[in-house]
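Protein chains: 2
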Amino acid sequence: MSSQISSTTTGASSQPRYAAIKAHIRAQIESGEWPAHFRVPSENQLAQDFNVSRMTARRALSELTDEGVLMRSQGLGTFVAEPVPAGSLLEVRNIADEVAARGHSYGNRILKLEQAIASTEVAVALGLAEGAAVYHSIIVHLDNGLPIQFEERYTNPTLVPEYLQQDFSAATPNEYLTRVAPLTEADTTVEAIGADGAVAEALEIDKGSACLQIWRRTMSRAGTVSFARLVHPGNRYRLGAQLRF
Amino acid sequence: MSSQISSTTTGASSQPRYAAIKAHIRAQIESGEWPAHFRVPSENQLAQDFNVSRMTARRALSELTDEGVLMRSQGLGTFVAEPVPAGSLLEVRNIADEVAARGHSYGNRILKLEQAIASTEVAVALGLAEGAAVYHSIIVHLDNGLPIQFEERYTNPTLVPEYLQQDFSAATPNEYLTRVAPLTEADTTVEAIGADGAVAEALEIDKGSACLQIWRRTMSRAGTVSFARLVHPGNRYRLGAQLRF
DNA sequence: TGTACACTCTTGTATATACAAGCTTGGTTG
DNA sequence: CAACCAAGCTTGTATATACAAGAGTGTACA
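Chains B and F, in that order, are what the protein sequence lines are. Per our numbering, residue 545 is the first one in the first sequence, and the count goes up by one each step. Per our numbering, residue 545 is the first one in the second sequence, and the count goes up by one each step.
If you want it as structure tokens, here you go:
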């Protein structure tokens with residue numbers, strides 16, 4: 545075949561060729577032509593359609609995947625990703641409820657559930673003495689099987705002595721804590737970070753990829769109940785907050 | 545030349561080869577061996593050192609660049625990026641001061657400065673009637689010449705009638721507004737978004753790449769002064785907030 | 001009937017090669 | 001001395017090719 549449209553060697557007159565392919569795919573998605581879960585043409589198909597090599601078509605698909613627009617899986621194909629879900633910061637809502645509200649299935653993986661010794665930072669946050677015993681849990685929350693939150697939590701054992709005995713596959717820590725110690729106040733800190741090793745592995749993303757990290761200290765009438773670090777993959781979450789000061 | 549260490553064709557026994565190169569570079573940076581602005585070995589050099597092709601070495605460098613670890617520029621080389629600067633959400637600080645506090649040079653580009661008609665959304669935010677006249681400005685703020693904030697702002701002309709006459713290359717809108725209408729309150733919303741076309745162009749990043757977007761409505765005793773949308777490239781900014789409720 | 005195997009399509013990794021284009025350096029020339 | 005130009009480095013784009021590995025399909029054989 546084939547037309548051999550213009551120059552064989554590139555030249556990059558103005559924009560690279562893979563950009564045109566990316567733009568085309570984006571347009572199809574934005575116009576609604578290709579809905580979520582739609583199967584995108586294969587690398588070879590795109591290469592043929594746009595008269596470029598497979599590696600060039602591949603680059604377009606790879607970049608869109610990095611940007612969260614597409615999802616790929618070896619042997620199956622490339623698919624339009626779901627739009628990023630939106631979560632709320634202000635209401636300290638249960639992540640399981642958020643997922644359910646989207647009509648998705650909720651799941652979690654309990655990576656750690658133990659008693660530990662408070663570091664200086666944790667002790668200060670919980671209002672305990674350094675070296676005091678605290679409960680430490682690490683849980684990954686799943687939305688349709690896909691990790692969307694890494695939760696590392698330190699809990700005050702004097703206020704919630706039965707924390708370690710809970711079945712967190714049934715009710716999330718947040719749900720349990722708000723039930724046994726109704727919260728009156730919370731400090732929250734938001735930042736954008738690159739995933740470290742442990743987080744990257746747990747969330748099944750590349751080390752260093754962008755995440756939203758939330759630090760939250762929840763307080764009840766009796767004192768500081770819990771100190772949590774919540775990390776969301778940037779690609780799979782969106783976060784809104786109304787702050788007032 | 546060459547050793548031809550093992551198999552010519554890949555095999556991908558466990559981890560891809562570019563991962564080893566990425567890990568090596570990360571290790572050098574984390575150990576402090578390669579400080580910010582350090583010039584990383586070239587693609588050809590790495591290819592030789594690790595006994596891979598240039599394209600494989602290139603992949604390692606490209607991915608680390610996407611992740612914000614490195615910076616590349618054609619003709620010059622590849623360099624270790626500065627750690628992402630941290631900004632504050634709570635204190636509504638002047639972006640110029642933030643930049644100066646880091647010892648960097650501040651600059652800006654004024655893309656738009658005009659009178660406009662309030663859309664429904666803007667009218668509601670500013671407490672004006674739909675269709676009322678508002679001042680509209682778009683400014684890009686630069687840190688050492690690199691765009692770090694896209695600021696789109698709607699200002700209430702009844703409270704700040706001389707807004708359009710200001711020289712915003714000398715004092716940022718924020719600085720001017722806090723001087724003429726001391727703020728008493730602010731609503732802020734934070735979310736992670738993919739850059740749209742206009743933002744991507746202004747911030748010199750790829751369309752769709754991750755950004756922190758802040759909506760902020762500032763109020764003074766006399767009423768709502770201004771409604772701003774601030775977009776930071778995720779790679780070049782970090783944001784902290786203490787929320788309380 | 002049912003299991004195993006081969007075939008085919010997909011994405012993933014890796015290489016060798018070519019040329020484009022940006023920046024620095026050094027030499028040549030006016 | 002200054003201006004210009006060529007050489008040599010860098011990264012950026014593009015191709016053709018090869019093999020690896022995951023997933024589905026269908027056929028042949030026990």
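For every residue, glycine included, the Cβ atom is placed at its ideal position computed from N, Cα and C.
query = What's the call for S597 (chain F), buried or exposed, on a 16-neighbour Cβ count within 10 Å?
reply = Of the residues assessed, S597 (chain F) falls on the exposed side of the cut-off, its CB having fewer than 16 other CB atoms within 10 angstroms.
query = On the three-state DSSP scale, how would you describe A746 (chain B)?
reply = Helix at A746 (chain B).
inquiry  = Short of 9 Å Cβ to Cβ, which residues in the region 679-708 of chain B face chain F?
reply    = When C-beta distances to chain F are compared with 9 Å, every residue of the region 679-708 of chain B stays at or above that value.
query = Taking the C-alpha atoms as reference points, what is the distance between T768 (chain B) and L672 (chain B)?
reply = The alpha-carbon atoms of T768 (chain B) and L672 (chain B) are separated by roughly 9 Å.
request  = Please compile the residues from chain F whose C-beta is within a distance smaller than 9 Å of the C-beta of D740 (chain B).
outcome  = Chain F residues near D740 (chain B): none, gap ~11 Å exceeds 9 Å.
ask   = Near P579 (chain F), what residues of its chain come up, given a Cβ to Cβ distance below 7 Å and the 5 sequence neighbours on each side ignored?
value = Hits under 7 Å: V624.
inquiry  = Mapping the DSSP letters down to three states, classify P726 (chain F) as helix, strand or coil.
reply    = The answer is coil: DSSP assigns P726 (chain F) none of H, G, I, E or B.
request  = May I ask which residues mark the beginning and end of the beta strand (DSSP E) holding V622 (chain B)?
outcome  = The sequence given here has Thr at residue 622 (chain B), not Val. Here the beta strand (DSSP E) through T622 (chain B) covers 621-624.
key: Alpha carbon of E695 (chain F) to alpha carbon of L774 (chain B), nearest angstrom   = In this structure, the straight-line span from the alpha carbon of E695 (chain F) to that of L774 (chain B) is close to 28 Å.
message = On a Cα-Cα basis, can you pick out the residue from F:A766, F:Q709, F:N688, F:T762 that is closest to V643 (chain F)?
response = The shortest C-alpha separation from V643 (chain F) is found at F:N688.
message = So, does the region 568-577 of chain B touch the region 603-620 of chain B, judging by three or more C-beta pairs under 8 Å?
response = The region 568-577 of chain B, when compared against the region 603-620 of chain B, does touch it at the 8 Å Cβ threshold.
query = In its own chain, which residues sit with a C-beta less than 7 Å from the C-beta of E587 (chain B), not counting the 5 before and 5 after it?
reply = Result list for E587 (chain B): R598, A601, R602, L605, in chain order.
key: Per-residue contacts from D593 (chain B) into chain F (C-beta, under 9 Å)   = Per Cβ cutoff of 9 Å: no residues; D593 (chain B) is ~21 Å from chain F at best.
task = Identify every residue that forms a DSSP beta bridge with A669 (chain F).
result = The partner list for A669 (chain F) (beta bridge, DSSP) is empty, contrary to what the question assumes.
ask   = Candidates B:R760, B:A591, B:E577: which alpha carbon is nearest R561 (chain B)'s?
value = Nearest option by C-alpha distance: B:A591.
key: Under the three-state DSSP convention, the category L608 (chain B) falls into   = DSSP places L608 (chain B) in helix when its eight states are reduced to three.
query = If Y698 (chain F) and V678 (chain F) are in contact, beta carbons under 8 Å, what's the gap, nearest whole angstrom?
reply = Indeed, because the Cβ distance is near 5 Å, the residues count as touching under 8 Å.
inquiry  = On the DSSP bridge list, what partners appear for W578 (chain B)?
reply    = W578 (chain B) pairs with nothing; no bridge assigned.
Candidates F:N595, F:A714, F:R761: closest to G651 (chain F) by CA position = The shortest CA-to-CA distance from G651 (chain F) to any of F:N595, F:A714, F:R761 is the one to F:A714.
query = How many Å lie between A640 (chain F) and T716 (chain F) at the Cα?
reply = Here the C-alpha atom of A640 (chain F) lies approximately 7 Å from the C-alpha atom of T716 (chain F).
request  = May I ask you to report which of helix, strand or coil DSSP gives K656 (chain B)?
outcome  = Reduced to three states, the DSSP call for K656 (chain B) is strand.
Which residues DSSP lists as bridging G651 (chain F), in chain order = Answer by DSSP bridge pairing, in chain order: F:L686.
ask   = Between the Cα of L709 (chain F) and the Cα atoms of F:Q693, F:T664, F:Q659, F:D750, which residue gives the shortest distance?
value = The amino acid at residue 709 (chain F) is misidentified as Leu; the sequence shows Gln. Relative to the Cα of Q709 (chain F), the nearest Cα in the group F:Q693, F:T664, F:Q659, F:D750 belongs to F:Q659.
ask   = Exposed or buried, what is A589 (chain F) when buried is set at 16 or more other beta-carbons lying within 10 Å of its beta-carbon?
value = The amino acid occupying residue 589 (chain F) in the given sequence is Gln; Ala does not appear at that position. Exposed: under 16 other Cβ atoms inside 10 Å.
request  = Using a Cβ-Cβ cut-off of 7 Å, state whether E635 (chain F) counts as contacting chain B.
outcome  = With a pLDDT of 48 at E635 (chain F), under the threshold of 50, the modelled position of this residue cannot be trusted; read the value that follows with caution. No, its Cβ sits nowhere closer than 7 Å to a Cβ of chain B.
key: Per-residue DSSP class, three states only, for V643 (chain F)   = Reduced to three states, the DSSP call for V643 (chain F) is helix.
ask   = At which residues does the beta strand (DSSP E) containing A772 (chain B) begin and terminate?
value = Start and end: 767-777.
message = Mapping the DSSP letters down to three states, classify P691 (chain F) as helix, strand or coil.
response = In the three-state scheme derived from DSSP, where H, G and I count as helix and E and B as strand, P691 (chain F) is classed as strand.
key: For A744 (chain B) and S770 (chain F), the rounded distance between their alpha carbons   = Approximately 39 Å between the Cα atoms of the pair.
query = Under the three-state reduction of DSSP, which class applies to L614 (chain B): helix, strand or coil?
reply = Residue state for L614 (chain B) is assigned as strand, using DSSP reduced to three classes.
task = Kindly give me the distance between the Cβ atoms of G621 (chain F) and R583 (chain F), rounded to whole angstroms, as I take these residues to be in contact under 8 Å.
result = Contact between G621 (chain F) and R583 (chain F) holds: their C-beta atoms lie close to 5 Å from each other, under 8 Å.
request  = Note down the Cα distance separating L655 (chain F) from F712 (chain B), rounded to an integer number of angstroms.
outcome  = Straight through space, the alpha carbons of F712 (chain B) and L655 (chain F) are spaced by roughly 52 Å.
task = Classify T762 (chain B) as buried or exposed, calling it buried when 16 or more other Cβ atoms lie within 10 Å of its own Cβ.
result = A residue is called buried when at least 16 other Cβ atoms come within 10 angstroms of its Cβ; T762 (chain B) meets this threshold and is buried.
task = Give the straight-line distance between the Cα atoms of I758 (chain F) and P777 (chain F), rounded to the nearest whole angstrom.
result = Between the alpha carbons of I758 (chain F) and P777 (chain F) lies a distance of about 12 Å.
message = Short of 8 Å Cβ to Cβ, which residues in the region 597-623 of chain F face chain B?
response = Along the region 597-623 of chain F, the positions whose C-beta sits under 8 Å from a C-beta of chain B are E607, L608, D610, E611, G612, V613, read in chain order.
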